[in-house]
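Down below is the structure, laid out as structure tokens.
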Amino acid sequence: MFKLVSELLKETYNICKTLFRIMIPVIIAVKILSELGIVNILSSILNPFMKLMGLPGELGLAWATALFTNIYGGIIVFISLSDGLNLTVAQATVFASIVLIAHSMPVELQIMRKSGPRLRAMLALRMGGAVLYGWILNIIYTATDTLQNPLNILWAPPVKDTSWTAWAVGEFKNLVWITCIIFTLVVVMRILYALGLIKLMERILSPVLRFFGVSARASTLTIFGLTIGLSYAGGMIINEAKSGKLSEEDIFFSISLLGLCHSLIEDTLLLMVVGGHLSGIFWGRIVFSIIIVVLLQRFIRTITPDFFHKMLFLPFKST
């Protein structure tokens, strides 16, 4: 029993060590840059893209906040701006959808990069995917006159203390929470393996996941990421990738899918209570993500391995 617990703790430690080496420096850098006003600069860059998606340019500040910090920060800014903008449910859904696809970029892009995919490829995928999806949603909702009723926000998060002390305490709590979740996932994975359920899940899911380029071996971690989030599953994928258990294609397609569509439960509920409609923030996002990854799969079949490594994926160095 002691040996088993020791193994579980060691595996959790290795995953968290890899993850926190990425997260902690980036979290500190983001806080410093936020204090220096980088969010306002990013907001002005996003202004024309917001209008392309049928949104007021002012909401560029809310998306910039979500991109640079997190979804929670973006929601606070969105709510503070929404009163004077006379938004519709359709507009709130478009905004919520692009935030779900592209948020917390400094941290999440580094996690994705450490898994193997090149940063520029993942940045283009998530930012381009968000704008494309927002544009498509706006066209659909406008053409069908859907969700054009005035927005009624059901819940507003309390304003957070922005002092450095409160920030440090909050981030420490987040890291502790991440550690607990990763330990739980490690335990769940061991139990599933012991009961033979991993093999069963792989057999059931492999036909579906293989359709958009994710093998049976990567299916369990991908499902974890889709349901609970990129950061948690990303740490485990990095660990598996370094061990050589996953192929480059497995990693690339799994991470690409998770980049567009992760944390389907928690984040979706969070954006629902501020006006996002399930048609866009859940069902549409799933369909859009699958289509994009299938197109990526077909594109990669046409390119050479050299081009794949040069532009899209940096393989781990053999040790």
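Position in the sequence shown (from 1) plus 18 gives the number in our numbering. All C-beta atoms in this analysis are idealised placements derived from N, C-alpha and C, irrespective of residue type, glycine included.
Out of the options, which has the shortest C-alpha to C-alpha gap to residue i?
{"i": "ILE42", "options": "GLU189, SER181 and THR286", "result": "GLU189"}
{"i": "LEU330", "options": "GLN315, ARG138 and VAL112", "result": "ARG138"}
{"i": "MET140", "options": "LEU278, THR245, THR240 and GLU267", "result": "LEU278"}
{"i": "GLY252", "options": "PHE113, VAL107 and ILE40", "result": "ILE40"}
{"i": "ILE116", "options": "GLY92, PHE325 and GLU126", "result": "GLY92"}
{"i": "ASN167", "options": "PHE300, VAL107 and ILE246", "result": "VAL107"}
{"i": "VAL312", "options": "VAL226, TRP182, ILE94 and SER237", "result": "VAL226"}
{"i": "SER274", "options": "ALA186, LYS263, ILE129 and ARG221", "result": "ILE129"}
{"i": "HIS121", "options": "LEU332, LYS263, GLU266 and LEU248", "result": "LEU248"}
{"i": "PHE11", "options": "PRO135, GLU126 and LEU103", "result": "Since the displayed the chain opens at 19 and closes at 337, residue 11 lies outside it and no answer follows."}
{"i": "PHE113", "options": "LEU103, MET71, VAL125 and ILE171", "result": "MET71"}
{"i": "SER181", "options": "ASP163, GLU53, ASP324 and PHE20", "result": "GLU53"}
{"i": "SER24", "options": "ILE50, VAL205 and LYS49", "result": "VAL205"}
{"i": "VAL187", "options": "ILE45, LEU22, LYS28 and ASN32", "result": "ILE45"}
{"i": "LEU288", "options": "VAL57, VAL194, LEU22 and LEU118", "result": "LEU118"}
{"i": "PHE229", "options": "PHE38, ASP163 and SER307", "result": "SER307"}
Taking the continuous alpha helix (DSSP H) assigned at residue i, which residues delimit it?
{"i": "ALA120", "result": "Neither: ALA120 is in no alpha helix (DSSP H) and is coded neither H nor E."}
{"i": "ASN104", "result": "That residue, ASN104, is in no alpha helix (DSSP H); it is neither H nor E in DSSP."}
{"i": "THR81", "result": "For clarity, residue 81 is Trp in the given sequence; the question names Thr instead. 78-86 is the span of the alpha helix (DSSP H), which, as asked, contains TRP81."}
{"i": "LYS69", "result": "56-70"}
{"i": "MET290", "result": "284-290"}
{"i": "PHE276", "result": "Rather than Phe, the amino acid found at residue 276 in this sequence is Leu. From DSSP, the alpha helix (DSSP H) with LEU276 extends over 266-278."}
{"i": "LYS328", "result": "It is not in any alpha helix (DSSP H) - LYS328 carries neither H nor E in the DSSP assignment."}
Could you check what DSSP says for residue i in three-state terms: helix, strand or coil?
{"i": "PRO168", "result": "strand"}
{"i": "THR1", "result": "In the structure as shown, the chain starts at 19 and stops at 337, and residue 1 therefore has no counterpart that could be examined."}
{"i": "PRO323", "result": "helix"}
{"i": "PRO135", "result": "strand"}
{"i": "THR337", "result": "Bear in mind that a pLDDT of 43 at THR337, under 50, signals an unreliable position, so the number given afterwards is only what the model happens to contain. Three-state DSSP puts THR337 in coil, outside helix and strand."}
{"i": "PHE38", "result": "helix"}
{"i": "GLY75", "result": "helix"}
{"i": "THR160", "result": "helix"}
{"i": "VAL232", "result": "coil"}
So, at 6 Å on beta carbons, what are the nonlocal neighbours of residue i in its own chain, with the 5 sequence-adjacent residues on each side left out?
{"i": "PHE68", "result": "Note that residue 68 is Met in the sequence shown, not Phe. Same-chain partners within the cutoff: GLY75, LEU77 and GLY78."}
{"i": "LYS255", "result": "First, the residue type needs correcting, since residue 255 is Ile and not Lys in the sequence shown. Result list for ILE255: SER133 and LEU239, in chain order."}
{"i": "ARG131", "result": "LEU137"}
{"i": "ILE283", "result": "THR245"}
Just to confirm my understanding: we take residue i, look at its own chain, exclude 5 residues before and 5 after, and list those with CB closer than 8 Å. What are they?
{"i": "TYR250", "result": "ILE196, ILE199, ILE200, LEU203, PHE242 and GLY243"}
{"i": "THR111", "result": "LEU155, TYR159, LEU165, GLY293, GLY294, HIS295, SER297, GLY298 and ILE299"}
{"i": "ILE304", "result": "CYS279 and LEU282"}
Measure from the C-beta of residue i to each C-beta in chain B and report whether the shortest distance is under 8 Å.
{"i": "HIS121", "result": "Absent from the structure: chain B. Only one protein chain is present."}
Going along the chain, which residues of its own chain have a beta-carbon closer than 7 Å to the beta-carbon of residue i, five neighbours each way excluded?
{"i": "LEU64", "result": "GLY78, TRP81 and ALA82"}
{"i": "VAL95", "result": "LEU79, ALA80 and THR83"}
{"i": "LEU420", "result": "Because the chain is modelled from 19 through 337, residue 420 falls outside the range shown and cannot be assessed."}
{"i": "TRP153", "result": "LEU70 and MET71"}
{"i": "LEU60", "result": "ALA82, LEU85 and PHE86"}
{"i": "LEU425", "result": "An answer regarding residue 425 cannot be provided, because it is not within the stretch 19 to 337 covered by the chain."}
{"i": "LYS49", "result": "TRP185"}
Taking contact to mean 3 or more Cβ pairs, one atom from each stretch, closer than 8 Å, check whether the segment 71-80 and the segment 93-107 are in contact.
Taking a cut-off of 8 Å on C-beta distances, the segment 71-80 touches the segment 93-107, as three or more cross pairs fall below it.
Is the segment 313-323 touching the segment 144-153, taking contact as three or more C-beta pairs under 8 Å?
The segment 313-323 is not in contact with the segment 144-153.
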